[in-house]
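Undergrad:
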Amino acid sequence: MLSTIALDTQVIRPGLCTGCGACQGMCPYWGSAGGRTVCYFDCERKDGCCQQFCPRMPTDLEALRRRFFQAEDILPEIGPFRSLYLTRAADSSIRRNAQHGGSMTALVELALQEGFIDAAVLTRSQGGLNPEGVLAAAAEDIRACSGSSFQIPPALAVLNQALREDRYHSIGVVGTPCKTLAVYKMMAKPLAEDGCHAENIGMVFGLFCGWGLDWDGLMELTAKRTDPKQVSHMDIPPSKYHALELREGGKTISVDLDDVTPLVRSGCHYCTDMTAEFADLSIGGARSADGWDVDKGWNQVIIRTEKGQRLLDLARKKGVLEFKDPSAGGLEKLKGASMGKKRTGVKNLQALTGGLGYLEPSAALFQGL
Ligand SMILES: Cc1cc2nc3c(=O)[nH]c(=O)nc-3n(C[C@H](O)[C@H](O)[C@H](O)COP(=O)(O)OP(=O)(O)OC[C@H]3O[C@@H](n4cnc5c(N)ncnc54)[C@H](O)[C@@H]3O)c2cc1C
6 MLSTIALDTQ VIRPGLCTGC GACQGMCPYW GSAGGRTVCY FDCERKDGCC
56 QQFCPRMPTD LEALRRRFFQ AEDILPEIGP FRSLYLTRAA DSSIRRNAQH
106 GGSMTALVEL ALQEGFIDAA VLTRSQGGLN PEGVLAAAAE DIRACSGSSF
156 QIPPALAVLN QALREDRYHS IGVVGTPCKT LAVYKMMAKP LAEDGCHAEN
206 IGMVFGLFCG WGLDWDGLME LTAKRTDPKQ VSHMDIPPSK YHALELREGG
256 KTISVDLDDV TPLVRSGCHY CTDMTAEFAD LSIGGARSAD GWDVDKGWNQ
306 VIIRTEKGQR LLDLARKKGV LEFKDPSAGG LEKLKGASMG KKRTGVKNLQ
356 ALTGGLGYLE PSAALFQGL
């Protein structure tokens, strides 16, 4: 029963689980209900993939970086870094349904069309609620996943199933930092004997992430303000607005952030990654030094690998993305925000464990925070 017990005692009971689904889709033992990871049966395996892939089990982040990224690219604040761009989708029909500038949808679609990937694991939701992981193999399926849900679905269960089926051989994955870390743990330790064809992971697209929210809590909060079925979009504007915005038709309902922060998923309090440092490229809303109003509807894109750069260059050449010059202080602002999340995550882990908990093998990275 060790396998079940380790995940249960080290991750789920202390409140570290992010609900990413990395432990699911491989066996009948683990599943998910309403965003919560559930163990259906005890298991006797000591070395199950569920433990090995979980982003909240101890991880040597430095070794993982050394294996997949160029040492000279690593910035202490935001991880592997080649360049920063401000972009948005050139196609206005993508922008209309997107969270910010639609760069993610446009790049995943281009990656599919140009053979970088042959399918993509994405998240589809109705106006940000009740999201589910999907495996998309056509442009229209990718477009149907535009927009962000602040509930975290166990989308990596879908990836695990696809890797076992071995039908697609270059799968793209879009995910928050917890998910992309789990994907790199899969790539570092493919357990072919367990049928996990991690060599079929083709490209990783990271999303910047502040935190995710409790499923039931967000549904209740939304239902108190409006009919959840009518909400087409949710977003968190910069901190000075102190709000969660619910969009319904042409109307925006502003929810005080004080009502939202108690709903932050427990596992997110122990996360130190804001920019999805394990990815070929990472995308967030543009919150550059010039301010939200100037850059609203644009994305910041961090390129981390040669493959990420090739895709971005192709997007420029083919006119898939529009570009504007990042403001002078944009990178520094991003580094500052990222360090803020690292400090908070470390502080919370120290309060919980008296040390660095699952980050202990990477202690050198967090010294002095
Ligand atoms: C929980 C969460 C918190 C975030 N916090 C921040 C933040 O603090 N700062 C910031 O700049 N950006 C944050 N983002 C990212 C931001 O919301 C946008 O996704 C990003 O800017 C890309 O915008 P876009 O218009 O290019 O995306 P789109 O073109 O609209 O594409 C969005 C993509 O996100 C995927 N997706 C949607 N919901 C989820 C989910 N719950 N889990 C995994 N994938 C999902 C979809 O599959 C889709 O491919 C967050 C995203 C999520 C999901």
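Residue 6 is where the sequence shown starts when you use my numbering, and the numbers rise one by one after that. Backbone N, C-alpha and C fix where the C-beta goes; we use that ideal spot for every residue, glycine too. Since the model is a prediction, treat every value here as computed from it, not as a measurement.
Tell me, please, which residues DSSP counts as bridged to Gln-235.
TA: Counting from one through the sequence shown, the residue named residue 235 turns up at place 230. Its beta-bridge partners do not exist; DSSP assigns none.
Undergrad: Between Asp-232 and Ser-130, what straight-line distance do the alpha-carbon atoms span, to the nearest angstrom?
TA: Along the sequence shown, read from residue 1 onward, the residue named residue 232 stands at position 227. Along the sequence shown, read from residue 1 onward, the residue named residue 130 stands at position 125. Answer to the nearest angstrom: the Cα atoms are 15 Å apart.
Undergrad: Three-state secondary structure (DSSP) at Trp-35?
TA: Walking along the sequence shown from the start, residue 35 turns up at place 30. In the structure shown, Trp-35 sits in a strand (DSSP, three-state: E or B).
Undergrad: Helix, strand or coil for Phe-283? Go by DSSP, reduced to three states.
TA: To locate residue 283, count along the sequence shown from 1; it is residue 278. Three-state result, Phe-283: coil.
Undergrad: Would you grab the beta carbon distance between Arg-87 and Arg-309 for me? Rounded to a whole angstrom, and I think it's under 8 Å.
TA: Here residue 87 refers to the residue found at position 82 when the sequence shown is read from its first residue. Here residue 309 refers to the residue found at position 304 when the sequence shown is read from its first residue. About 6 Å; that satisfies the 8 Å criterion.
Undergrad: Would you check if the stretch 330-340 and the stretch 105-113 touch, i.e. whether three or more CB-CB distances between them fall below 8 Å?
TA: Contact fails: fewer than three Cβ-Cβ distances are below 8 Å.
Undergrad: Would DSSP call Tyr-90 helix, strand or coil?
TA: As a first step, residue 90 must be located in the sequence shown, where it is residue number 85. Three-state DSSP puts Tyr-90 in a strand.
Undergrad: Which word fits Lys-245, buried or exposed, when buried means at least 16 other C-beta atoms lie within 10 angstroms of its C-beta?
TA: As a working mapping, residue 245 is identified with position 240 in the sequence shown. Its Cβ having fewer than 16 others within 10 Å, Lys-245 is exposed.
Undergrad: Excluding five sequence neighbours on each side, which residues of the same chain lie with their C-beta closer than 8 Å to the C-beta of Pro-267?
TA: To locate residue 267, count along the sequence shown from 1; it is residue 262. The answer, listed in chain order, is Gly-222.
Undergrad: Tell whether a beta-carbon distance below 8 Å holds between Cys-273 and Trp-220.
TA: Here the question's residue 273 lines up with position 268 in the sequence shown. Here the question's residue 220 lines up with position 215 in the sequence shown. Going by C-beta atoms, Cys-273 is not nearer than 8 Å to Trp-220.
Undergrad: DSSP on Phe-371, reduced to helix/strand/coil?
TA: Mapped onto the sequence shown, residue 371 falls at position 366. Correct three-state label for Phe-371: helix.
Undergrad: For Gln-355, name the three-state secondary structure that DSSP assigns.
TA: Numbered from 1 along the sequence shown, position 350 holds the residue referred to as residue 355. In this structure, Gln-355 counts as helix in the three-state DSSP scheme.
Undergrad: Among the residues of its own chain, which have a CB less than 6 Å from the CB of Leu-7, if the five just before and after it don't count?
TA: Your numbering for residue 7 matches position 2 in the sequence shown. Reliability fails at Leu-7, whose pLDDT of 43 lies under 50, so the model's placement of it is uncertain and no value is given.
Undergrad: Since Thr-181 contacts Ile-157 with CB under 8 Å, what's their CB separation in whole angstroms?
TA: Translated into positions along the sequence shown, residue 181 becomes position 176. Translated into positions along the sequence shown, residue 157 becomes position 152. 7 Å between Cβ atoms; contact.
Undergrad: Does at least one heavy atom of ligand 1 sit under 7 Å from the Cβ of Arg-252?
TA: For the purposes of this step, residue 252 is taken as residue 247 along the sequence shown, with counting starting at 1. No, Cβ of Arg-252 sits at least 7 Å from all heavy atoms of ligand 1.
Undergrad: So, is Ile-10 buried or exposed, given that buried needs 16 or more other C-beta atoms within 10 angstroms?
TA: Counting from 1 along the sequence shown, the entry for residue 10 is found at position 5. Answer is exposed; the Cβ neighbour count stays below 16.
Undergrad: Any chance the CB of Ser-237 is under 7 Å from a heavy atom of ligand 1?
TA: Residue 237 sits at position 232 when you count from the first residue of the sequence shown. Checking the Cβ of Ser-237 against ligand 1 gives no.
Undergrad: Can you determine whether any heavy atom of ligand 1 sits closer than 7 Å to the C-beta of Asn-304, and answer yes or no?
TA: Looking up residue 304 in the sequence shown gives position 299. The answer is yes for Asn-304.
Undergrad: If you run the structure through DSSP and keep just helix, strand and coil, what is Leu-361?
TA: Here the question's residue 361 lines up with position 356 in the sequence shown. Of the three classes helix, strand and coil, the one that applies to Leu-361 here is coil, per DSSP.
Undergrad: With a threshold of 8 Å, are at least 3 pairs of Cβ atoms found where one atom belongs to the stretch 81-97 and the other to the stretch 277-285?
TA: Flag = yes, the stretch 81-97 and the stretch 277-285 touch.
Undergrad: Report yes or no: do the stretch 23-38 and the stretch 157-174 share at least 3 C-beta pairs separated by less than 8 Å?
TA: In short, these stretches touch, since the Cβ pair count reaches three.
Undergrad: In the DSSP assignment, the beta strand (DSSP E) including Asn-135 goes from what residue to what residue?
TA: The count along the sequence shown starts at 1 and reaches residue 135 at position 130. First-last of the beta strand (DSSP E) with Asn-135: 134-141.
Undergrad: Could you check which residue in Ser-151, Asp-47 and Ile-17 has the C-alpha nearest to that of Ser-98?
TA: Looking up residue 98 in the sequence shown gives position 93. Cα-wise, what sits closest to Ser-98 is Ser-151.
Undergrad: State the beta-bridge partners of Ala-248 as determined by DSSP.
TA: Residue numbering aside, residue 248 sits at position 243 when the sequence shown is read from its first letter. Paired residues: Asp-261.
Undergrad: Excluding five sequence neighbours on each side, which residues of the same chain lie with their C-beta closer than 8 Å to the C-beta of Lys-346?
TA: Stepping through the sequence shown from its first residue, residue 346 is reached at position 341. Cβ within range, chain order: Gly-215, Cys-276, Thr-277, Asp-278 and Met-279.
Undergrad: Grouping DSSP H, G and I as helix and E and B as strand, with all else coil, what is Ser-154?
TA: Here the question's residue 154 lines up with position 149 in the sequence shown. In this structure, Ser-154 counts as coil in the three-state DSSP scheme.
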